[in-house]
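J.: Before we start, here is the structure in question, set down as structure tokens.
2 protein chains.
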Amino acid sequence: MPDVIVNKQQFYNPVDYVLKKIGGTWKIPVLWRLQKKARRYSELQKDIPHISQKMLTQTLKELEADGFISKQTFPEVPPRTEYSLTPKGQQAMEVIVVIRNYGLQLLQADGIDYEAMIKAEAEQKKKQS
Amino acid sequence: MPDVIVNKQQFYNPVDYVLKKIGGTWKIPVLWRLQKKARRYSELQKDIPHISQKMLTQTLKELEADGFISKQTFPEVPPRTEYSLTPKGQQAMEVIVVIRNYGLQLLQADGIDYEAMIKAEAEQKKKQS
DNA sequence: GCCGCTGCGCACCAAAAAGTGCGTAGCACC
DNA sequence: GGTGCTACGCACTTTTTGGTGCGCAGCGGC
Chain A
616 MPDVIVNKQQ FYNPVDYVLK KIGGTWKIPV LWRLQKKARR YSELQKDIPH
666 ISQKMLTQTL KELEADGFIS KQTFPEVPPR TEYSLTPKGQ QAMEVIVVIR
716 NYGLQLLQAD GIDYEAMIKA EAEQKKKQS
Chain B
616 MPDVIVNKQQ FYNPVDYVLK KIGGTWKIPV LWRLQKKARR YSELQKDIPH
666 ISQKMLTQTL KELEADGFIS KQTFPEVPPR TEYSLTPKGQ QAMEVIVVIR
716 NYGLQLLQAD GIDYEAMIKA EAEQKKKQS
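Protein chains in written order, with the working numbering: chain A, 616 to 744; chain B, 616 to 744.
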């Protein structure tokens with residue numbers, strides 16, 4: 616497995632290449648929420664627990680630079696920005712879904728029913744509203 | 616996406632869970648080489664460019680603790696240890712292959728023919744021998 | 001004229017991941 | 001009895017990644 620150098624960044628193998636592009640703590644949560652529809656900055660911030668403004672800004676910037684998402688700014692008042700998946704981003708999502716499914720499997724093997732947890736969380740929200 | 620806590624480690628989502636298990640710089644290169652046959656410590660070290668003894672030891676330990684590989688020590692002189700994929704490790708490899716294929720695609724889209732690079736490297740080795 | 005909302009930028013700090021260097025046990029061989 | 005091989009362990013440092021806190025521009029409404 617030879618090394619590859621692109622734009623002064625070094626990669627040890629193709630998997631490394633992918634994980635440097637869409638890995639890290641926040642890129643996948645962001646891509647995940649853009650899957651079905653475009654979202655604005657403030658929506659993403661509300662939807663993604665624990666994310667800081669800095670990390671959201673940085674994540675969106677990198678994903679845009681790598682062509683996974685695109686940004687549209689509306690010259691309104693107050694300003695509005697919408698982010699959406701590009702075709703390249705949609706392709707990446709296919710791989711992410713595979714990893715996620717494997718993750719659900721692993722979690723179950725470790726005794727955690729993640730999908731049940733999501734349902735329970737949704738119930739909580741209903742009660743609140 | 617609620618948080619999950621397993622053994623005092625926190626995970627934000629299933630993908631995060633997978634990447635904490637088989638992510639990082641070295642786990643995948645190691646798993647990759649155990650794919651077809653068992654290998655010993657020193658073989659892995661020779662085969663994986665840039666890896667330090669510390670990281671190899673640490674990686675093998677974590678993969679074993681998580682059940683992806685198993686270790687067999689032969690009480691010979693000098694001592695010999697062989698590492699091999701468990702069924703769980705083989706399952707993980709399926710996902711890794713998907714990521715890798717996507718990586719090859721991405722690399723090609725970025726103008727890099729990785730498989731040609733591997734072939735060229737193999738040619739080099741032939742010449743040397 | 002002051003507050004608030006939106007989508008950022010920047011400086012600084014903490015934690016996690018990886019790299020470096022050195023040591024060790026047991027035996028075999030010369 | 002010195003050297004070398006194997007499969008590690010440990011302490012320390014560097015690099016990378018993520019977190020905190022602050023500020024700002026432009027406009028609208030009171």
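We put the beta carbon where it would ideally sit given N, CA and C, even for glycine.
Using 8 Å as the threshold, is the region 644-654 of chain B in touch with the region 618-631 of chain B, meaning 3 or more CB pairs across them?
T.: No: fewer than three Cβ pairs fall under 8 Å.
J.: Hey, is B/T640's beta-carbon within less than 8 Å of any beta-carbon in chain A?
T.: Chain A, which has a Cβ nearer than 8 Å to the Cβ of B/T640, makes this yes.
J.: Hey, does A/V645 have any beta-carbon neighbour from chain B nearer than 8 Å?
T.: So no, A/V645 is outside the interface.
J.: By DSSP, does A/K623 sit in helix, in strand, or in coil?
T.: Note: A/K623 maps to coil in three-state DSSP.
J.: When we look at the beta-carbon of A/T674 and count the other beta-carbons within 10 Å, is it buried (16 or more) or exposed?
T.: The residue is buried, with at least 16 neighbouring Cβ atoms inside 10 Å.
J.: Under 8 Å between beta-carbons, which chain B residues line up against A/Y627? List them in chain order, please.
T.: Correct list: T640, P644, P664 and H665.
J.: Excluding the five sequence neighbours on either side, which residues of its own chain have a C-beta within less than 7 Å of the C-beta of B/D681, listed in chain order?
T.: Cβ within range, chain order: K636.
J.: Hey, how far is the Cα of B/L722 from the Cα of A/I711?
T.: C-alpha separation (whole angstroms): 17 Å.
J.: Taking Cβ positions, are B/G638 and A/G718 nearer each other than 8 Å?
T.: No; because the gap between Cβ atoms is not below 8 Å, this pair is not in contact.
J.: On the DSSP letters alone, give me the boundaries of the beta strand (DSSP E) that B/K686 sits inside.
T.: Run containing B/K686: I684 to F689, per the beta strand (DSSP E) assignment.
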